[in-house]
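Chemist:
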């Protein structure tokens with residue numbers, strides 16, 4: 002019985018199951034190296050494309066930089082030209098100022114230069130005269146004479162002039178002159194000026210100076 006089974010088993014056809022089937026290695030020979038060469042050429046082409054883009058970007062950046070940024074020599078020429086233009090404008094402005102009969106005051110108004118010069122001179126000399134020590138006879142007389150001259154010049158040229166009679170400086174100077182003249186007409190030319198009147202006149206002079 003055992004030998005029969007053994008004989009039958011021996012006689013059974015051999016079934017080759019895929020799991021039991023030994024693996025066979027199939028060698029694929031590359032045809033003339035086409036697959037390898039194709040991959041290498043593709044990598045090389047990509048590398049060349051990247052390098053080409055980098056070169057284009059670099060060249061474009063350099064060209065743009067050259068266009069936007071002026072050369073130092075040109076920049077220097079433009080700077081010198083601008084400085085020369087400013088100098089010319091300054092010279093022209095100075096010439097115009099010399100021949101211009103008017104001048105802008107501290108308060109921003111435009112008034113005749115002759116008026117401003119006369120008014121400023123009167124403010125200066127009258128203030129110096131009022132602040133001088135009466136005991137110093139020499140300086141007191143000198144300052145008093147200068148004040149009288151400037152007041153006379155101012156009144157002869159500008160009293161009642163329509164171009165300035167509505168100005169703040171004009172009205173304040175008129176008030177200072179009236180206060181001084183009113184006191185001396187009553188007390189006499191050699192009377193000492195009271196501190197109250199002196200302070201009032203000095204205040205009017207300082208306020209008028211702000212508009213000159």
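In our numbering, the protein residues as written are 2 to 213. Each residue gets a CB set at the ideal place from its N, CA and C atoms; glycine is no exception.
Under 8 Å between the Cβ atoms of residue 184 and residue 198?
Modeler: Yes, Cβ-Cβ distance for residue 184 and residue 198 is below 8 Å.
Chemist: Using the rule of at least 16 other Cβ atoms within 10 Å of the residue's Cβ for burial, across every protein chain shown, is residue 148 buried or exposed?
Modeler: buried
Chemist: Going by beta-carbon coordinates alone, are residue 180 and residue 166 separated by less than 8 Å?
Modeler: Contact flag unset, no.
Chemist: Comparing C-alpha positions only, which one of 120, 130, 105 and 115 sits nearest to residue 193?
Modeler: 130
Chemist: Rounded to the nearest angstrom, how far is the Cβ of residue 174 from that of residue 123, given a contact under 8 Å?
Modeler: Yes, residue 174 and residue 123 are in contact; Cβ-Cβ is about 7 Å, under 8 Å.
Chemist: Buried or exposed for residue 168, please, with buried defined as at least 16 other CB atoms from any protein chain shown within 10 angstroms of its CB.
Modeler: With 16 or more Cβ atoms within 10 Å of its Cβ, residue 168 is classed as buried.
Chemist: Helix, strand or coil for residue 167, going by three-state DSSP, please let me know.
Modeler: coil
Chemist: Kindly list the residues whose CB is nearer than 6 Å to the CB of residue 121, restricted to its own chain and excluding five residues on each side of it in sequence; keep chain order.
Modeler: 213
Chemist: Tell me the residue span of the alpha helix (DSSP H) that contains residue 211.
Modeler: Element bounds for residue 211: n/a, residue is neither H nor E.
Chemist: Check this for me: beta carbons of residue 209 and residue 170, under 8 Å apart or not?
Modeler: yes
Chemist: Using the three-state DSSP reduction, which class does residue 112 fall into: helix, strand or coil?
Modeler: The answer is strand: DSSP assigns residue 112 an E or B state.
Chemist: Which term fits residue 205, buried or exposed, when burial requires 16 or more other beta carbons within 10 angstroms of its beta carbon?
Modeler: buried
Chemist: On a CA-only basis, which of 128, 143 and 115 is nearest residue 156? Give me that one, please.
Modeler: 115
Chemist: Along the chain, where does the beta strand (DSSP E) that runs through residue 104 open and close?
Modeler: 103-105
Chemist: Between the alpha carbons of residue 137 and residue 191, how many angstroms are there, rounded?
Modeler: 15 Å
Chemist: What is the DSSP secondary structure of residue 196, reduced to helix, strand or coil?
Modeler: helix
Chemist: Can you name, in chain order, every residue of its own chain whose Cβ lies under 6 Å from the Cβ of residue 177, other than the five neighbours on each side?
Modeler: For residue 177, where only same-chain residues beyond five positions count, the Cβ hits under 6 Å are 202, 205 and 206.
Chemist: In this structure, how does DSSP classify residue 151 when only helix, strand and coil are distinguished?
Modeler: helix
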